[in-house]
Amino acid sequence: MRARVGASFAAPGVLVLLLVVAFPLLYALALSFSSYTFLKPTLAPWVGLAHYLEAFRDPYFLNSLRLTALYAFLTVGLSLLIGLAIAVLLFQPAPGKEFFYAVISVPMLIAPVGVALIWKMILHPELGIVTYLLGRLGFSAPDFFGDPRYALFTLALVDTWQQVSFVALVLLAGLRSLPKEPLEAALVDGASFPQRFLHVTLPLLRPVIGVVLILQTIAELRTYDLVYVLTRGGPGAATDLLAYFIYRKAFLGLDLGGASALAYLLLLLTLALVVFYYRRVFAEI
Amino acid sequence: MKGTRWFLAAVLALGLGLAQAQVVLRALMEDVPETHIIEKLLPDFEKKTGIKVEFEVVQYGAMHDKLVSQLLAPESAYDFLEVDFLWAGEFPAAGWLEPLMPYVKKSGFDLSPYLPSMLDLVGYYNGKLYMIPMYNYAMGLIYRTDLLADPTLKAKYRERFGKELAVPTTLEDYVQTSVFMKQNAGVAGAAMQGQRGDPNFMEFSNYVFGAGGDFADKNWHVTLDGPAGEKALRLYVKNIREAAQKGALNANLDDTYREMCQGRAWSMITYWWMLPQLDDAQKCPKVAGKVKLAVMPGGHGVNGGWGWAIPRNSAHKEEAWKFIQWVESKEIVKKRALMGHAPTRRDALTDPDVLAKYPYYAQVLKILEGAKKVPIFAYTAEMEDVVGREVSLAATGQKDVKTAIRDAAKGLYGLFKKAGLVK
């Protein structure tokens, strides 16, 4: 009887979850095996794994996959390192920290499209302030987004600039919740600051770092807006990240079946990384 | 009391009746001056027909996705459409548009004033009329007259090339002059929009037509990788690498406008409507009065335009046609033209009042007469991406010209095949 009452209370929530999560996922899976396009919006004829196999034969898709992996590695790694440094600094006793909290939070509050437009003008090859300042110092500014050697790295730095706020604030919250006793014991034992940080703080912070890694990796693998506003995948195919590649397949190629297959590959890649993080970060806790 | 009740009932019924009788046409429009010009004239249409028109105004980038979702729905929220030429193959191919010839015949609408190049671009698809040309944005050459007239530059040019510095008429001459300006005039020879996708595809297409080439023949056999296409890409790459502004490989239309407006470039291959923007002393004091428009060197540039269409799933097709008839009538087109609209009708482009206000329309007419269209089919938008990618790879030096043009042609063939145009 009690189980039935419990189930009836849970039913509406489960139903909503099924509708908004399970149904789109299953529908996209069905689309990925179909020949559905905007021009011929029917599931039949079914094409099996054809879209998946085609993706792995497409050199530009493989290029996108490689770029996306590099991009996620760069942005997650950089934002974690810089975010951790900022969190540790903000954790130290100092006056006027509220001001720094406010400043640090600003990038997080701006929409990614806004961030892209701001940096587009800052790094503009002729009119940008960075170009101007480098010029005053006697240097010639690189063509940040127009040179295929720099475009992906510049994009990653712009993204990092925005993501660092979130990472720093989450890690700061983690630092504040750490138990004080192990740190005090290390201090009594005469451990230096680097020793305390590396051998006490960092291991204790591991679960929080794990959560940040998972959230950031998921976010970075889906990067679309910055590419759309700043480079459109170019120059050449230098910034053609996976999410933008999938968007083009769906809305320029009108191929919803093919795009769904690519979206599923992205989902599988993300899931694989999340599982990997779980095993590496949380398994030993 | 009873009388009052009857009176109230009558007023209510009349109100409901009126509410039902008043048709409201809705359309998705791009946020450009053209839309606001038409908005200003709408009271005239409402007065004449009793039909109300409401525009949902958005940026270009948001239009395609919004339109597609409505066109796929059982009933469209939009009763008439403005369709960019890039979608003029996709929409009819998907069966989303109402054929307009029956409406034309029934109402006696006159198609003869329209320029054939415009009807070809945003009128007919596979021999059937789906759109009425609304607006043109063909491309040509905008150049600085002061630099061409500069005595020092003239002398240097004559000394180096043995001929006069003048408005180029061939693609080779254009690139040669552009490189010369970069080396000698202290400005970029060309403000170029090399960003992958629509910007570089549109720009490069002018080079293809200017070199005497084309993307495909009448039977959809790809010709892009012929000698003219290769020459076009070679000259495009030379110009972007040796004469364009810094950052050209990621520049779009806005960037090239800023470049030209600030007097930092000698020329740009662009939409003709850019001329009045650059020639405006308030917006661009450095170049106003020193810019002119010419036909794309080689004689042919890219044609561009918008057309009016009626979605198959519109609830008010007859009323939508009434609107199109009104907005494209000789009287309203002239009014629109005098307010700054880009006409698609010859009578408006040659009208003495219009020409008195906009003398460069004589040049626009020449541009339109020679303009050619890029392939219009179901995957035109994807074609821009595929060809644009290869052009960009060649421009960055990541692919040589021969390989890039061959790969672009291969990609184009794949799209024609996907669209069922070739076997």
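Read top to bottom, the protein sequences are chains A and B.
Okay, so the first sequence: first residue is 348 according to the working numbering, each after it adds one.
Okay, so the second sequence: first residue is 67 according to the working numbering, each after it adds one.
Every residue gets a Cβ at the ideal spot worked out from N, C-alpha and C, and that includes glycine.
If you draw a straight line from the C-alpha of residue i to the C-alpha of residue j, how long is it?
{"i": "B/Tyr424", "j": "A/Gly475", "result": "35 Å"}
{"i": "A/Val576", "j": "A/Pro459", "result": "9 Å"}
{"i": "B/Asp239", "j": "B/Pro363", "result": "8 Å"}
{"i": "B/Gly454", "j": "B/Ala257", "result": "18 Å"}
{"i": "B/Val170", "j": "B/Asp176", "result": "8 Å"}
{"i": "B/Trp162", "j": "B/Leu107", "result": "28 Å"}
{"i": "B/Ile471", "j": "A/Val547", "result": "60 Å"}
{"i": "B/Lys220", "j": "B/Thr243", "result": "11 Å"}
{"i": "B/Ala251", "j": "B/Leu213", "result": "8 Å"}
{"i": "A/Glu401", "j": "A/Leu525", "result": "50 Å"}
{"i": "A/Arg543", "j": "B/Gln125", "result": "55 Å"}
{"i": "B/Val274", "j": "B/Leu459", "result": "17 Å"}
{"i": "B/Ala414", "j": "B/Val399", "result": "7 Å"}
{"i": "A/Val517", "j": "B/Lys483", "result": "52 Å"}
{"i": "A/Tyr399", "j": "B/Val452", "result": "20 Å"}
{"i": "A/Pro359", "j": "B/Ser271", "result": "56 Å"}
{"i": "B/Asp110", "j": "B/Leu166", "result": "24 Å"}
{"i": "A/Leu390", "j": "A/Ala597", "result": "15 Å"}
{"i": "A/Leu409", "j": "B/Lys465", "result": "18 Å"}
Does DSSP put residue i in a helix, a strand or coil?
{"i": "B/Arg412", "result": "helix"}
{"i": "B/Glu238", "result": "helix"}
{"i": "B/Lys438", "result": "strand"}
{"i": "B/Lys400", "result": "helix"}
{"i": "A/Pro440", "result": "coil"}
{"i": "B/Ser395", "result": "coil"}
{"i": "A/Gly353", "result": "helix"}
{"i": "B/Ala375", "result": "strand"}
{"i": "B/Tyr426", "result": "coil"}
{"i": "B/Glu120", "result": "strand"}
{"i": "B/Asn266", "result": "helix"}
{"i": "A/Trp393", "result": "strand"}
{"i": "B/Val233", "result": "coil"}
{"i": "B/Val98", "result": "coil"}
{"i": "B/Gly206", "result": "strand"}
{"i": "B/Lys114", "result": "helix"}
{"i": "B/His286", "result": "For clarity, residue 286 of chain B is Trp in the given sequence; the question names His instead. The answer is coil: DSSP assigns B/Trp286 none of H, G, I, E or B."}
{"i": "B/Thr243", "result": "helix"}
{"i": "B/Trp338", "result": "coil"}
Report the residue from the options whose alpha carbon sits nearest the alpha carbon of residue i.
{"i": "A/Phe420", "options": "A/Asp602, A/Gln563 and A/Phe438", "result": "A/Gln563"}
{"i": "A/Leu620", "options": "A/Asp490, A/Thr501 and A/Thr415", "result": "A/Thr415"}
{"i": "B/Pro199", "options": "B/Thr235, B/Glu448, B/Ala159 and B/Glu148", "result": "B/Glu148"}
{"i": "B/Arg226", "options": "B/Asp345, B/Leu290 and B/Met247", "result": "B/Met247"}
{"i": "B/Trp338", "options": "B/Ala314, B/Asn369 and B/Ala354", "result": "B/Asn369"}
{"i": "B/Glu122", "options": "B/Ala139, B/Thr289, B/Gly206 and B/Ala143", "result": "B/Ala143"}
{"i": "B/Lys432", "options": "B/Leu359, B/Glu141 and B/Gln261", "result": "B/Leu359"}
{"i": "B/Ala354", "options": "B/Pro418, B/Tyr427, B/Tyr323 and B/Val488", "result": "B/Tyr323"}
{"i": "A/Phe385", "options": "B/Ala139, B/Pro99 and B/Val90", "result": "B/Ala139"}
{"i": "B/Gln88", "options": "B/Met95, B/Glu120, B/His102 and B/Pro99", "result": "B/Glu120"}
{"i": "B/Arg92", "options": "B/Gly292, B/Asp110, B/His382 and B/Trp372", "result": "B/His382"}
{"i": "B/Thr116", "options": "B/Ala128, B/Trp392, B/Asp97 and B/Met129", "result": "First, the residue type needs correcting, since residue 116 of chain B is Gly and not Thr in the sequence shown. Out of B/Ala128, B/Trp392, B/Asp97 and B/Met129, B/Trp392 has the C-alpha closest to the C-alpha of B/Gly116."}
{"i": "B/Leu478", "options": "B/Asp466, B/Ala317, B/Gly255 and B/Ala444", "result": "B/Ala444"}
{"i": "A/Glu567", "options": "A/Leu425, A/Met468, A/Pro392 and A/Gly395", "result": "A/Leu425"}
{"i": "A/Pro550", "options": "A/Leu522, A/Ile565 and A/Thr570", "result": "A/Leu522"}
{"i": "B/Pro473", "options": "B/Glu456, B/Glu325 and B/Val233", "result": "Just to set this straight, residue 473 of chain B is Asp in the shown sequence, not Pro. Nearest of B/Glu456, B/Glu325 and B/Val233 to B/Asp473, Cα basis: B/Glu456."}
Between residue i and residue j, which are expected to be in contact by the criterion C-beta below 8 Å, what is the C-beta distance as a whole number of angstroms?
{"i": "B/Asp216", "j": "B/Ser380", "result": "Not quite, the Cβ-Cβ distance comes to about 56 Å (not below 8 Å), so this is no contact."}
{"i": "B/Phe201", "j": "B/Thr410", "result": "Residue 201 of chain B is actually Tyr in this sequence, not Phe. Contact holds; Cβ gap of about 7 Å."}
{"i": "A/Ile593", "j": "A/Val511", "result": "Their Cβ separation, rounded to whole angstroms, is 27 Å, which puts A/Ile593 and A/Val511 out of contact at 8 Å."}
{"i": "B/Pro158", "j": "B/Tyr191", "result": "4 Å"}
{"i": "A/Leu502", "j": "A/Leu573", "result": "6 Å"}
{"i": "A/Ala375", "j": "A/Tyr611", "result": "7 Å"}
{"i": "B/Lys312", "j": "A/Pro371", "result": "The Cβ separation is near 45 Å, so there is no contact."}
{"i": "B/Leu301", "j": "B/Val241", "result": "5 Å"}
{"i": "B/Asn316", "j": "A/Gly581", "result": "7 Å"}
{"i": "B/Ile103", "j": "B/Gly406", "result": "6 Å"}
Buried or exposed: where does residue i fall if 16 or more other Cβ atoms within 10 Å of its Cβ makes it buried?
{"i": "B/Ala347", "result": "exposed"}
{"i": "B/Asp283", "result": "exposed"}
{"i": "A/Val535", "result": "exposed"}
{"i": "B/Leu82", "result": "Summary for B/Leu82: the model assigns pLDDT 49, below 50, so the residue's position carries little reliability; its value from the coordinates is reported in the next sentence. The residue in question, B/Leu82, is exposed, as its Cβ has fewer than 16 Cβ neighbours within 10 Å."}
{"i": "B/Glu448", "result": "buried"}
{"i": "B/Asp280", "result": "buried"}
{"i": "A/Met468", "result": "exposed"}
{"i": "B/Ala331", "result": "buried"}
Name, please, each residue of chain E whose Cβ falls closer than 7 Å to the Cβ of residue i.
{"i": "B/Thr462", "result": "Going by chain labels, chain E is absent from the structure shown, which instead holds the protein chains A and B."}
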